[in-house]
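K.L.:
Chains as they are written, first to last, in this note's numbering: chain A, 1 to 609; chain B, 610 to 1218. Positions of the beta carbon are idealized from the N, C-alpha and C atoms, including for glycine. Since this is a predicted model, take the numbers as computed values, not measurements.
Number of protein chains: 2
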Amino acid sequence: MANFKRILIGKPLHNEEMIREKLPKWKAMSIFSSDPLSSIGYGPEQIVLILTVPWAITYGFAWYVAVAIVALMGIVTLSYAQVAKVNPGGGGSYSVAKKNFGELAALTAAASLFIDYTLTVAVSISSGTDAIVSAFPTMTDHRMSLNLFVLFGVLMLINLRGVRESSNTFVFPTYAFVFGILALVASGVFHIISGDTLVIPQASLEKQPLNWTVLYLVLRAFASGCSSMTGIEAISNGVPMFKPPEVKNAQLTTYWMSSLLVVMFAGITLLIMHNHLLPVENVTMLSQLAEATFGRSFMYYYIQFATMLVLYLAANTAYNGLPPLLSLLARDKYMPRYLAARGDRLTFNNGIILLSVIAAVFIVLYHGNTEHLISLYALGVFLSFTISQAGMVVHWHREKDSGWVLRAFLNSLGAIVTGIVVLIIMVAKFLYGAWLILIAIPLLIYIFRLINSHYEDMRLQLALPPDDLITPSGGRNIVIVPVAGVTRVVASTLKYAKELSEQIVAVFVATDKETAKKVEEKWKNWNPGVRLIVLYSPHRSILGPLFKFIEKVESKKGPNDYITILVPEFETKKWWHRLLHNQTGLLLRNLLVFRRNIVVTVVPYQLEK
Amino acid sequence: MANFKRILIGKPLHNEEMIREKLPKWKAMSIFSSDPLSSIGYGPEQIVLILTVPWAITYGFAWYVAVAIVALMGIVTLSYAQVAKVNPGGGGSYSVAKKNFGELAALTAAASLFIDYTLTVAVSISSGTDAIVSAFPTMTDHRMSLNLFVLFGVLMLINLRGVRESSNTFVFPTYAFVFGILALVASGVFHIISGDTLVIPQASLEKQPLNWTVLYLVLRAFASGCSSMTGIEAISNGVPMFKPPEVKNAQLTTYWMSSLLVVMFAGITLLIMHNHLLPVENVTMLSQLAEATFGRSFMYYYIQFATMLVLYLAANTAYNGLPPLLSLLARDKYMPRYLAARGDRLTFNNGIILLSVIAAVFIVLYHGNTEHLISLYALGVFLSFTISQAGMVVHWHREKDSGWVLRAFLNSLGAIVTGIVVLIIMVAKFLYGAWLILIAIPLLIYIFRLINSHYEDMRLQLALPPDDLITPSGGRNIVIVPVAGVTRVVASTLKYAKELSEQIVAVFVATDKETAKKVEEKWKNWNPGVRLIVLYSPHRSILGPLFKFIEKVESKKGPNDYITILVPEFETKKWWHRLLHNQTGLLLRNLLVFRRNIVVTVVPYQLEK
């Protein structure tokens, strides 16, 4: 068992082997931007997907939605560049909210992030698998197994081994993906310019007049398209990982990343409209686009593989985000304490496992359907955006350092815009999954508080009063030894009992009268100097009469007396020998442990063969 | 949990509520003969099933096989009537073999019976279900669920409640089945006599000349047909349940039962040949016959239901047979001891559950296919017949009371004939499942012996030497208290520790240096009069350094010293609070219990909220 763990996870690391890597910009970019950039893999598609319902002509609204999202990207980027400046220690929305607003906002941010991170894993993995299924339709039936294998067999394992190995892994796939998408956009645009087709064909511009239903569709498309922005905050949480000057480098990287995101998002959306792509089952629009542009050439497969890789890596960013957040929550006593403990490899392994399990639940419940998962997705992300931006406004207002008005204005704008987006998503996607998130967030907050109040209770109850001296109780220690006959096991147990106390009584429960008599006689002949009480149990229960006897002793004991039950237990030489004995000893000690004020002692006796 | 058990099983019974029912012949007959008579439900069919392969013409051999089986029935009946005389205490082949031959033969008989009884359950249930599926083809898909429901939901439960309720249940279905089959045979025979068709049509008499392949088929048909005789020994095992004069009544009942068996077997086989029935999937031949004779009238459904009931009841006879056999084996230390203990309802409930589970394994492995299960069946039965008859011969030879020569001759005949049948079954069905039994029997014998030798080792090791007096060891009791901080739990544990010994040491395992320092300081300020040892664990394992420390203490202790580990453990008020604490205490005590020579004591501390 332990060996198996060694092979999977690697040998335990010493506390001092913890290294805080410092990354150059180009490396940090690849780590932090795999999440936002990879959303190009599903974001633009989601807009068109919703605008191509059979009962309304709305394809033409797609570019309005795309423009709105690009504008939103700009605002959020500017806002987050400022977060990096204020939080050079990292920590994200939870820390910002805790510092600037207090518990409720902080827990709301924590709950949103919790949901956001688990969904990032679920969405990214299932959409990475979509990329590969698009290229190889024979994989369709193995979608779920592939999802779960990537989740548990790759991501969880790599993260349990520790982050050390993972920083370099990011560089290649992220840039490969960026290159692939830029090549796709470039050759698509070249095709538009050099050809004599319309930039956007008439079919892609058709739309019926706006009415409430159509508006609702457009808002839904916007809400789903917002999933292209998830992960944009990652850099501001990871400032400490940059090479100095950390803040400046982090900000520069944010701008670079956002520029790439805007170019890729706008380019892909344009090409989708140019090719008038329509949803095809089991084929992503990115795959359709790559096929339309390059045919089934090397470049097509290159783009599909790069998309898959970058999406799986994007799932990995949640592993860098949630476990540390959980450990912060655990340290603040909002989550079980063991989520704050570092495992063998200095990773927060309990958090890593928890994240994997919850993501698996989402994937299985939604059958790995990316579109349905995305319906849950954007709400949590934008809620934490809003809280974080609002927290920044409070911060600027409090600090009032030079230029704070402009900064507060930028963050106010961010908070207001993302706040409006939160409202839009709530309304537009309420029926499509947002209701679940609206229940889950308060529920999580409730759980955080419940846990906190238990730990608080514990602390008060367990705290030593300042004058607590340990004085002997002055009471007796009444030792009860349940015996199963007259054997060496009993002899060895009684010998130990005599070390503990003068007050020893042995108890035998007989299920029939002959045995009762026989054991009584044997005991008399042996005469070990300890009184034997034989209880006759006509209903053949062993534990019942024993517990009743213990209760009787309990009711008679003084307030300072202890009752100690000595459970004799022989350890068999081979594991299967255990099956040959009824497990009364085991049962007894496990049941007794749950009774108040009784000390349970297991006295071992080793069988030699 | 306990309440649920009460509803299912009923309230516990007092030892003195055990009643040994005494049955009149007609009632005893219904109990003991449901097993052999019910085999009419599948036995005759098995013969024809094997003789209607597409690649050989062998239908005409059916009546030879039937005659051979009828003759065999006569011989076995006479032999078993004598077993009843010699074993008025019941007990069957195992007892006979143990008394007359010794261990190996007894264990062979026990192994055969073990397999026989579990297969009786599997075969009878699946073929009872066949009867109902024949009448209602829509049930075909629910075959397996019905099998398992009857097994666990009806038979196991009824038997766990106790035999008391079950004796009357037998009377109606057994006689209803006998009446149904006799009516079927009578009206079939009347039809033959009154009509002008041939008694057996030419088609049913056709056969090709005997060659090795055909002989093999005929022998297989015979071997499968022998399944009609299973259970014929039941009466001789149940002699004590008869009203006095027990032996005479048991013998009379044996004769009556066999006569009925012969009439029914011969009649059904005759009618099958008369109607030239051929195998039809999911329809038993008995169903075909009943339909041919009565149409889909009331009588048809009556026969199907009665067949189903009597077959399910036949499965029940194994519940009267195997658990007592297992308890005998357990008392002789060949099976785990708890199989000899009577449960709440005075039944051998562990044996009942074991039987149900093994039968379920057979049913599931063979997909409830009666034909395949029967291939395994007859071998074990006839093996135990042979052993039992041979044992009788030895018995007569030893006793030599008046008329022993004739009796010995009868049993010799029985032993030889059934011995030959064993050989035939082995050869004819080797490839069809008998090989499994030929592996299983020696394996079971090996297991019986292994268990026995363990118990024997135990007995010798645990026996008190005659002069074992309990003298104080004169050694010290070194108490080690692992602590997780400075809390009231620790204070309460140390208080108890001071009751036990002067030699106390507290151990704290620190996963980082700051905590180590902090706890050391706190302890110094508190000053509880007990030395604290702080172990720094840079790899963050708690148990590793603790175990190493305990080993160090162990290596230094004197030969008469005890090491007692006190594990402080707080009990939370609500079950879910447990999830919020790492279970180091639990883990610690469960791992320590498996170490040699260490006494583990759990000192409880109850949280108030």
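Relative to chain A, which residues along the stretch 1105-1121 of chain B have a C-beta separation below 7 Å, given in chain order?
P.N.:
Taking 7 Å as the Cβ-Cβ cut-off, the stretch 1105-1121 of chain B approaches chain A at Tyr1105, Lys1107, Glu1108, Leu1109, Asp1121, given in chain order.
K.L.:
How long is the line joining the alpha carbons of proline 932/B and leucine 828/B, rounded to whole angstroms?
P.N.:
Along the second sequence, one-based indexing puts residue 932/B at 323. Along the second sequence, one-based indexing puts residue 828/B at 219. Each residue's Cα considered, the two are about 33 Å apart.
K.L.:
Could you work out which residues of chain A lie near glycine 1138/B, taking near to mean beta carbons separated by less than 9 Å?
P.N.:
Residue mapping note: residue 1138/B aligns to position 529 of the second sequence, counting from 1. Result: Leu469, Ile470.
K.L.:
Just to confirm my understanding: we take glycine 1194/B, look at its own chain, exclude 5 residues before and 5 after, and list those with CB closer than 6 Å. What are they?
P.N.:
Taking the first residue of the second sequence as position 1, residue 1194/B is located at position 585. Around glycine 1194/B: Val1176, Glu1178.
K.L.:
Which one of Asp332/A, Gly351/A, Ile363/A has the shortest CA to CA distance from serine 453/A?
P.N.:
Against the first sequence, residue 453/A aligns to sequence position 453. Taking only the C-alpha atoms, the option nearest serine 453/A is Asp332/A.
K.L.:
Find out if the Cβ-Cβ distance for the pair alanine 719/B, isoleucine 1033/B is shorter than 7 Å.
P.N.:
To locate residue 719/B, count along the second sequence from 1; it is residue 110. To locate residue 1033/B, count along the second sequence from 1; it is residue 424. Note that the C-beta distance between alanine 719/B and isoleucine 1033/B is not below 7 Å.
K.L.:
Does the Cβ-Cβ distance between aspartate 739/B and threonine 979/B come in under 7 Å?
P.N.:
The residue given as residue 739/B occupies position 130 in the second sequence. The residue given as residue 979/B occupies position 370 in the second sequence. The Cβ-Cβ distance between aspartate 739/B and threonine 979/B falls below 7 Å.
K.L.:
Looking at chain B, which residues of the stretch 2-26 of chain A have a Cβ within less than 8 Å of any of its Cβ atoms?
P.N.:
Pro12, Leu13, His14, Asn15, Glu16
K.L.:
By the criterion of Cβ-Cβ separation under 9 Å, what are the contact partners of asparagine 597/A in chain E?
P.N.:
In the structure shown, chain E does not exist; the protein chains are A and B.
K.L.:
Let me know the alpha helix (DSSP H) ranges lying completely inside the stretch 336-368 of chain A, each 4 residues or longer, listed in chain order.
P.N.:
Fully enclosed alpha helix (DSSP H) runs of 4 or longer: 349-365.
K.L.:
One question on the structure: do isoleucine 352/A and asparagine 159/A come within less than 7 Å of each other, judged by their Cβ atoms?
P.N.:
As a position in the first sequence, residue 352/A is number 352, starting the count at 1. As a position in the first sequence, residue 159/A is number 159, starting the count at 1. Against a cut-off of 7 Å, the Cβ pair of asparagine 159/A and isoleucine 352/A comes out as a contact.
K.L.:
With 7 Å set as the bound, which would you pick, yes or no: does the beta-carbon of arginine 488/A sit closer than that to a beta-carbon of chain B?
P.N.:
On the first sequence, residue 488/A is found 488 positions in, with the first residue counted as 1. With 7 Å as the cut-off, arginine 488/A counts as an interface residue toward chain B.
K.L.:
Around the C-beta of proline 1213/B, are 16 or more other C-beta atoms found within 10 angstroms, so that it is buried, or is it exposed?
P.N.:
As a position in the second sequence, residue 1213/B is number 604, starting the count at 1. It counts as buried.
K.L.:
Count the other C-beta atoms from every protein chain shown that fall within 10 angstroms of the C-beta of threonine 747/B, then say buried if there are 16 or more, exposed otherwise.
P.N.:
Position 138 of the second sequence holds residue 747/B. Taking all protein chains shown into account, threonine 747/B has fewer than 16 neighbouring C-beta atoms within 10 Å of its C-beta and is therefore exposed.
K.L.:
Would you tell me roughly how many angstroms separate the C-alpha atoms of isoleucine 1025/B and glutamine 913/B, rounded to the nearest one?
P.N.:
Here residue 1025/B refers to the residue found at position 416 of the second sequence. Here residue 913/B refers to the residue found at position 304 of the second sequence. About 37 Å.
K.L.:
Nearest-angstrom Cα distance between isoleucine 656/B and valine 150/A?
P.N.:
Residue mapping note: residue 656/B aligns to position 47 of the second sequence, counting from 1. Residue mapping note: residue 150/A aligns to position 150 of the first sequence, counting from 1. Approximately 56 Å between the Cα atoms of the pair.
K.L.:
How would you list, in chain order, the residues of chain B whose beta-carbon sits under 7 Å from the beta-carbon of tyrosine 562/A?
P.N.:
The residue labelled residue 562/A in the question sits at position 562 within the first sequence. Near tyrosine 562/A (Cβ distances below 7 Å), the residues of chain B are Tyr1105, Glu1108.
K.L.:
How would you label arginine 1282/B, buried or exposed, when you count the other beta carbons within 10 angstroms and need 16 or more for buried?
P.N.:
There is simply no residue 1282/B to check, as chain B begins at 610 and stops at 1218 in what is shown.
K.L.:
Going along the chain, which residues of its own chain have a beta-carbon closer than 8 Å to the beta-carbon of isoleucine 451/A, five neighbours each way excluded?
P.N.:
In the first sequence, the residue the question calls residue 451/A occupies position 451. Within the same chain, isoleucine 451/A has close Cβ partners Lys333, Tyr334, Met335, Pro336.
K.L.:
Which residues of chain B have a Cβ atom closer than 8 Å to the Cβ of aspartate 332/A, listed in chain order?
P.N.:
Within the first sequence, numbered from 1, the residue matching residue 332/A stands at position 332. In chain order: nothing, as chain B lies at least about 14 Å away.
K.L.:
Along the stretch 348-369 of chain A, what residues have a CB closer than 7 Å to any CB found in chain B?
P.N.:
Residues are counted here when their Cβ sits less than 7 Å from a Cβ of chain B; for the stretch 348-369 of chain A the count is zero.
K.L.:
Under the rule that 16 or more other beta-carbon atoms within 10 Å means buried, what is aspartate 1010/B, buried or exposed?
P.N.:
Position 401 of the second sequence, counted from the first residue, corresponds to residue 1010/B. It counts as exposed.
K.L.:
Which of the three DSSP states, helix, strand or coil, is assigned to threonine 511/A?
P.N.:
The residue given as residue 511/A occupies position 511 in the first sequence. In the structure shown, threonine 511/A sits in coil (DSSP, three-state: anything other than H, G, I, E or B).
K.L.:
For a cutoff of 7 Å on Cβ pairs, would you count leucine 769/B as touching chain A?
P.N.:
One-based indexing of the second sequence puts residue 769/B at position 160. Judged by the 7 Å Cβ criterion, leucine 769/B is not in contact with chain A.
K.L.:
Relative to chain A, which residues along the stretch 997-1008 of chain B have a C-beta separation below 7 Å, given in chain order?
P.N.:
none
K.L.:
When every heavy atom of the ligand NAP is checked, does at least one fall within less than 6 Å of the C-beta of glutamate 281/A?
P.N.:
With respect to the ligand NAP, the structure shown offers nothing to examine, as it has no ligands at all.
K.L.:
Identify which residue in Arg954/B, Leu1197/B, Pro1091/B has its Cα closest to the Cα of leucine 622/B.
P.N.:
Numbered from its first residue, the second sequence carries residue 622/B at position 13. Considering only alpha carbons, the answer is Arg954/B.
K.L.:
For leucine 566/A, which beta-bridge partners are listed by DSSP?
P.N.:
Counting from one through the first sequence, the residue named residue 566/A turns up at place 566. Answer is Thr601/A.
K.L.:
Once you ignore the five residues that flank threonine 52/A on each side, which residues in its own chain have a CB closer than 7 Å to its CB?
P.N.:
Your numbering for residue 52/A matches position 52 in the first sequence. Hits under 7 Å: Tyr59, Leu278, Pro279.
K.L.:
Let me know the beta strand (DSSP E) ranges lying completely inside the stretch 411-466 of chain A, each 3 residues or longer, listed in chain order.
P.N.:
none
K.L.:
What does the alpha-carbon distance come out to for the pair valine 1090/B and glutamine 1112/B?
P.N.:
By 1-based counting over the second sequence, the position of residue 1090/B is 481. By 1-based counting over the second sequence, the position of residue 1112/B is 503. Those two C-alpha atoms are separated by around 11 Å.
K.L.:
The alpha helix (DSSP H) that contains valine 705/B, what's its start and end?
P.N.:
For this step, residue 705/B is matched to residue 96 along the second sequence. Its alpha helix (DSSP H) spans residues 701-709.
K.L.:
Can you say whether glycine 930/B is buried or exposed, counting buried as having 16 or more other CB atoms within 10 angstroms of its CB?
P.N.:
Counted from its first residue, the second sequence places residue 930/B at position 321. Buried.
K.L.:
For lysine 1218/B, go through chain A and note every residue whose CB falls closer than 7 Å to its CB, in chain order.
P.N.:
If you number the second sequence from 1, residue 1218/B lands on position 609. The answer, in chain order, is Asp457.
K.L.:
Any beta carbon of chain A sitting closer than 7 Å to that of threonine 661/B?
P.N.:
Here residue 661/B refers to the residue found at position 52 when the second sequence is read from its first residue. False, the Cβ-Cβ gap to chain A never drops below 7 Å.
K.L.:
Is glutamate 601/A close to chain B? Criterion is C-beta to C-beta, closer than 7 Å.
P.N.:
Within the first sequence, numbered from 1, the residue matching residue 601/A stands at position 601. Rather than glutamate, the amino acid found at residue 601/A in this sequence is threonine. Interface residue, yes.
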